[in-house]
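Heads up: the sequence shown is residues 1 to 147, going by my numbering.
Ideal Cβ positions, reconstructed from N, Cα and C, are used throughout, including at glycine.
Scroll down for the structure; my scribbles are underneath it.
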Amino acid sequence: QTLAARHLLAGERVPAARLTLEFASPTTFRSSGRYVPLPLPELVFGSLLERWQAFAPVALSPELRRFATEMVVVSRYMLRTRSLPSKEGGLHIGFIGQVTFSALNRDRYWLSVLNLLAHYAFFSGVGYGTAAGLGQVRVVAERPHDT
């Protein structure tokens with residue numbers, strides 16, 4: 001069963017409205033010509049959407065960016081900064097650790113897409129410099145007492 005089928009054709013299962021991602025290697029984003037060392041929902045899910053659209057056989061709605069900006073919030077985090085050497089000889093700041101994202105809108109389609117992209121992150125990485133090993137991410141299973 002493909003990743004897309006498992007998440008987009010979930011049947012009766014309600015997709016999770018809260019997702020915890022562990023950023024295992026330093027992660028940073030490029031936005032408007034700047035480096036942004038924060039896991040803002042629109043940057044995380046926007047990066048994943050770009051990677052998905054470039055490689056996956058099933059296209060997703062570009063409106064996900066707006067949904068992530070307006071309807072997804074950081075509800076918990078435990079992060080540490082890490083400096084990254086740049087090609088220019090300076091340093092960039094990135095982060096490692098865990099972030100929990102919560103959807104304010106419980107629309108089944110958008111929750112399915114968020115879950116799909118969160119699980120896709122393990123394969124694609126997220127943010128700047130994934131070809132060099134930055135932005136390695138995995139979904140952390142919620143424990144019952146975390147709810």
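### Task
Flag this pair as yes or no: are the beta carbons of Ser32 and Val126 separated by less than 9 Å?
The sequence position of residue 32 within the sequence shown is 32, counting from 1. The sequence position of residue 126 within the sequence shown is 126, counting from 1. Taking 9 Å as the Cβ cut-off, Ser32 and Val126 do not qualify as a contacting pair.
### Task
Have a look at Val14 and Arg108 and give me their C-alpha separation to the nearest angstrom.
For this step, residue 14 is matched to residue 14 along the sequence shown. For this step, residue 108 is matched to residue 108 along the sequence shown. Val14 and Arg108 have their C-alpha atoms some 7 Å from each other.
### Query
In three-state terms, what does DSSP make of Val36?
In the sequence shown, residue 36 corresponds to position 36, counting from 1. DSSP places Val36 in strand when its eight states are reduced to three.
### Query
Which residues mark the beginning and the end of the beta strand (DSSP E) in which Phe28 is found?
Numbered from its first residue, the sequence shown carries residue 28 at position 28. Residue 28 is actually Thr in this sequence, not Phe. Unbroken run through Thr28: none, as it is neither H nor E.
#### Entry: Element boundaries [alpha helix (DSSP H), containing Tyr120]
Taking the first residue of the sequence shown as position 1, residue 120 is located at position 120. Per DSSP, Tyr120 belongs to the alpha helix (DSSP H) from Arg108 to Ser124.
### Query
Comparing alpha-carbon positions, which option in Ala56, Val36 and Leu60 lies nearest Ile93?
The sequence position of residue 93 within the sequence shown is 93, counting from 1. Here the closest residue by C-alpha is Val36.
### Query
Applying the criterion that 16 or more other CB atoms from any shown protein chain within 10 Å of the CB defines a buried residue, is Thr81 buried or exposed?
Translated into the one-based positions of the sequence shown, residue 81 becomes position 81. Thr81 should be labelled exposed.
### Message
Can you find the residues in the same chain that come closer than 8 Å, C-beta to C-beta, to Ala17, ignoring five residues on each side of it along the sequence?
### Response
Residue 17 sits at position 17 when you count from the first residue of the sequence shown. Counting only Cβ-Cβ distances below 8 Å, and skipping sequence neighbours, we find Ser102, Ala103, Arg106 and Leu111.
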